[in-house]
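If you read the sequences in order, they're chains D and U. Numbering-wise (the numbering used here), the first sequence opens with residue 9 and increments by one. Numbering-wise (the numbering used here), the second sequence opens with residue 8 and increments by one. The beta carbon of each residue, even a glycine, is placed where N, CA and C say it ideally should be. The model shown is predicted, which means the values in this text are computed figures rather than measured ones. Read the structure below first, then the notes.
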Amino acid sequence: MRTIKFVLVSLLVVLLIPSCKKKDDAPAVSKLNVQFSNEVDGKPIVLGPIAYTNASGNPYGVDLLKYYISNFTLVKADGSEQNYKNYALIDASDTSKFGFSLDTVANGDYIGVKFLLGIDSAHNHTINQTGALDPMNAMIWSWNTGYIFFKHEGNYKNTTGDTKPLVFHYGTDAALVHISLSFPTIHLSGKDALMHLKFNLNNAYTTPANIDFNVDNFRQSSTMADANWIENMHDNFADAFSFASFE
Amino acid sequence: MKKGLSFLLAFTCVLVISLNACKTGDNAPTLTPYTLEIPSGLPAMGIPTDNPLTVEGIALGRKLFYDPILSGNNTQSCGGCHRQAFAFTDSNTQFSTGIDHLPGVRNAMSLVNLGYQKKFFWDGGAADLESQVVGPIQNPIEMHEDLGDMVKKLNAHAEYPALFKQVFGGSTITSVMVMDAIAQFERTLISGNSKYDQYLRGSATLTAEELRGMDVYQQESKGDCTHCHSLGSTFSDFAFRNNGVDSIYSDAGRYRITLLGTDSGKFKTPSLRNIAVTAPYMHDGRFKTLGECVDHYNTGFHYAKYLDPNIANKIKGRMSAQDKSDLIAFLNTLTDYEFLQNPKFGKP
Chain D
9 MRTIKFVLVS LLVVLLIPSC KKKDDAPAVS KLNVQFSNEV DGKPIVLGPI AYTNASGNPY
69 GVDLLKYYIS NFTLVKADGS EQNYKNYALI DASDTSKFGF SLDTVANGDY IGVKFLLGID
129 SAHNHTINQT GALDPMNAMI WSWNTGYIFF KHEGNYKNTT GDTKPLVFHY GTDAALVHIS
189 LSFPTIHLSG KDALMHLKFN LNNAYTTPAN IDFNVDNFRQ SSTMADANWI ENMHDNFADA
249 FSFASFE
Chain U
8 MKKGLSFLLA FTCVLVISLN ACKTGDNAPT LTPYTLEIPS GLPAMGIPTD NPLTVEGIAL
68 GRKLFYDPIL SGNNTQSCGG CHRQAFAFTD SNTQFSTGID HLPGVRNAMS LVNLGYQKKF
128 FWDGGAADLE SQVVGPIQNP IEMHEDLGDM VKKLNAHAEY PALFKQVFGG STITSVMVMD
188 AIAQFERTLI SGNSKYDQYL RGSATLTAEE LRGMDVYQQE SKGDCTHCHS LGSTFSDFAF
248 RNNGVDSIYS DAGRYRITLL GTDSGKFKTP SLRNIAVTAP YMHDGRFKTL GECVDHYNTG
308 FHYAKYLDPN IANKIKGRMS AQDKSDLIAF LNTLTDYEFL QNPKFGKP
């Protein structure tokens, strides 16, 4: 009797536990790792030294570079799109925050990606959110609810060669940038894949509007002058990202 | 029979254990739901579904509200500048001083009936009560604390980890939990038992002077306070208005948030509940007395660009000295002494 009971109970445990699991089909999906290379005109960004020059001829450095990439969307060869509604904080000081993974991307051919630099309005009017949007990530303002989409802090040399602080905190709904990149067809087949995208910081400061750090060097997205700067940066960001490689 | 029972018991145990294995995350904490007591005259208060009130959550929020651990050098709490006896304003202080001894630029606001308000701070910069919480904590001229450091301190504290776990589950305290807990406590700060409220319920009588003042408050040709500070209930529509305190703005108010020119010099209409104890007045605390405030609306206002039309079309000097003193007598009936002394709202 005891043995029967033991067997029955064991059987129940075995029967009930697997019922929790999802069905394990053959992998129709792939894990896609998306990584961003932060560069200035082809040179990977090294935090600290004044080692770069923008289109306005201002020598500058990067002490801190953080930005939000969200609503990453893959474009299939047939033009259909899959939005992963994700939020990722890219941080140039932390190799674990150079990108993000999409764990279940349907296998097939893809010809492009779309994403937002910043946070969509629906998620930009409360900071009572977790994960990448946790206010602890220091990408919020204390006086205005919403996320700082892009942060560049460092130093630059002014016209007389003096080193001056550079603080750019870019955000508000009007600042949201839609990025769309296309590339030669890539194929996801169930194996882990890695996509490299490039971010060229200098492109944020030129084309169509040259940002002169002697004029714009402290922007917090809260004054009339900031509004003009936001508009210029918004347009500049359009070509700041590019597709680099897929493997 | 006994064996059958023990089998049934074993079966049930296995079932329960197996089913629990399917759940993710921590065990749901046992919490006591809290229902707000809304005084008659005030509307029902909407509570966000993702931050329901619980006895434990409110108690935690209250503890945090009064704990200087939330500041950069552990010297200043929320309650340090929002003092209950003054309807959670900073007494007679025009600009409160932060932990680095730097003065602010706006007057500490009263924390009363917050659950009826949609936006917080004088310029509405905080889009919800939870989001508001971290503003003063982070502000370099206020509590000047980094949220990461704040959370580290709380996680290393002798009492907080267990308290947070009880309320929110999880093994680590996050900044969002701090925001939720404090917002829960703040939603309980309800004031609706002033002499005026008691008069409405028939349990108090207003003097002749106070009744005349209530008339001045409402008459369009006199005080006309009601257009913005609706009589009764919350005593404000909480809209953003330019009330003509300046014609050139040193503080652009709501403009800083919306970057819309038309919002220049606009600030949130504050509630007039407990107004007698919340001096000084206006966003920058420029007026020391209610008399100065009434004088401003009677004669002192500037014809600023974007001045609120309810003020712009008023004749200067329309209130007599008698009207003004009657009006102030009425405003004094809005003090809710029970609220100012309720031990539930004080330092635990």
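Delimiting residues of the beta strand (DSSP E) encompassing residue i
i: D/A96; result: Y95 to D99
i: D/E161; result: I156 to K165
i: D/M203; result: A201 to N208
i: U/H303; result: From DSSP, U/H303 is part of no beta strand (DSSP E); its letter is neither H nor E.
i: D/N91; result: E89 to N91
i: U/K401; result: The question about residue 401 of chain U has no answer, for chain U in this structure spans 8 to 355.
i: U/I180; result: Note, U/I180: premise wrong, no beta strand (DSSP E); not H, not E.
i: D/K122; result: G116 to L125
Contact with chain D by residue i, beta-carbon distance below 8 angstroms
i: U/M6; result: The shown model of chain U, from 8 to 355, leaves out residue 6 of chain U, and the question about it has no answer.
i: U/Q145; result: yes
i: U/E137; result: yes
i: U/F175; result: no
i: U/L15; result: With a pLDDT of only 43 at U/L15, under the threshold of 50, the placement of this residue in the model should not be trusted; the figure read from the coordinates follows. Not closer than 8 angstroms to any Cβ of chain D, the Cβ of U/L15 fails to qualify, so no.
i: U/R263; result: yes
i: U/F128; result: yes
i: U/G132; result: yes
i: U/G155; result: yes
i: U/L266; result: yes
i: U/V158; result: yes
i: U/G142; result: yes
i: U/M52; result: no
i: U/S103; result: no
i: U/S254; result: no
i: U/V183; result: yes
Straight-line Cα distance separating residue j from residue i
i: D/F108; j: D/K39; result: 11 angstroms
i: D/I25; j: D/S230; result: With a pLDDT of only 49 at D/I25, under 50, the local geometry of the prediction cannot be trusted, and no value is derived from it.
i: U/D270; j: D/T103; result: 42 angstroms
i: U/R194; j: U/F128; result: 15 angstroms
i: D/E161; j: U/E149; result: 23 angstroms
i: U/G53; j: D/D49; result: 52 angstroms
i: U/S332; j: U/G298; result: 8 angstroms
i: D/K29; j: D/P35; result: The predicted position of D/K29 is uncertain, since its pLDDT is 47 and thus under 50; no value can be drawn from it.
i: U/C300; j: U/T39; result: 44 angstroms
i: U/S47; j: U/N120; result: 13 angstroms
i: U/E166; j: U/K172; result: 10 angstroms
i: U/T340; j: U/L109; result: 35 angstroms
i: D/S88; j: D/G65; result: 42 angstroms
i: U/F72; j: U/Q83; result: 10 angstroms
i: D/D234; j: U/G155; result: 28 angstroms
i: U/A319; j: U/Y310; result: 7 angstroms
i: U/G111; j: U/D97; result: 12 angstroms
i: D/L82; j: U/K273; result: 44 angstroms
i: D/D71; j: D/G169; result: 19 angstroms
i: U/S257; j: U/D291; result: 10 angstroms
i: U/L118; j: U/P355; result: 17 angstroms
i: D/I119; j: D/F245; result: 21 angstroms
i: U/T100; j: U/T37; result: 42 angstroms
Within 8 angstroms, strictly: CB atoms of residue i and residue j
i: D/F157; j: D/Y68; result: no
i: U/T179; j: D/M144; result: no
i: D/V42; j: D/L124; result: no
i: D/I219; j: D/N236; result: no
i: U/G260; j: U/D135; result: no
i: U/N200; j: U/D302; result: no
i: D/G198; j: D/G126; result: no
For residue i, the first and last residue of its enclosing alpha helix (DSSP H)
i: D/V48; result: Not the alpha helix (DSSP H): D/V48 falls in the beta strand (DSSP E), residues V37 to V48.
i: D/K74; result: Per DSSP, D/K74 belongs to no alpha helix (DSSP H); it is in the beta strand (DSSP E), L72 to K84.
i: D/H242; result: M232 to F245
i: D/G69; result: Here D/G69 belongs to no alpha helix (DSSP H); instead the beta strand (DSSP E) covers P67 to G69.
Within-8 angstroms CB hit, residue i to chain U
i: D/D142; result: yes
i: D/A59; result: no
i: D/A146; result: yes
i: D/N136; result: yes
i: D/V151; result: Going by the sequence as given, residue 151 of chain D is Trp instead of Val. Taking Cβ atoms only, chain U reaches closer than 8 angstroms to D/W151, which makes this a yes.
i: D/A265; result: Outside the displayed range of chain D (9 to 255) lies residue 265 of chain D, so it cannot be described from this structure.
i: D/K31; result: Confidence at D/K31 is low in this model, with a pLDDT of 48, below 50, so the placement of that residue should be treated as unreliable; the coordinate-derived value is given next. Not one chain U Cβ lies under 8 angstroms of D/K31.
i: D/H131; result: no
i: D/S230; result: yes
inquiry  = Under 8 angstroms: do the region 255-269 of chain U and the region 222-232 of chain U share three or more Cβ pairs, one atom per stretch?
reply    = Contact between the region 255-269 of chain U and the region 222-232 of chain U is absent: fewer than 3 CB-CB pairs across the two stretches fall below 8 angstroms.
ask   = Should the region 184-204 of chain U be regarded as contacting the region 311-331 of chain U, the criterion being three or more beta carbon pairs within less than 8 angstroms?
value = Segment contact: the region 184-204 of chain U against the region 311-331 of chain U, fewer than three CB-CB distances shorter than 8 angstroms; contact not assigned.
query = Any chance the region 91-98 of chain U sits against the region 281-290 of chain U, with 3 or more Cβ pairs inside 8 angstroms?
reply = Contact between the region 91-98 of chain U and the region 281-290 of chain U is present, because at least three Cβ pairs lie under 8 angstroms.
query = Looking at C-beta atoms only, is the number of pairs between the region 244-257 of chain U and the region 301-321 of chain U that lie closer than 8 angstroms three or more?
reply = With contact defined as three or more Cβ pairs closer than 8 angstroms, the region 244-257 of chain U and the region 301-321 of chain U are in contact.
key: Touching by the beta-carbon criterion (3+ pairs, under 8 angstroms), the region 206-215 of chain D and the region 127-146 of chain D   = Result no; under three Cβ-Cβ pairs closer than 8 angstroms.
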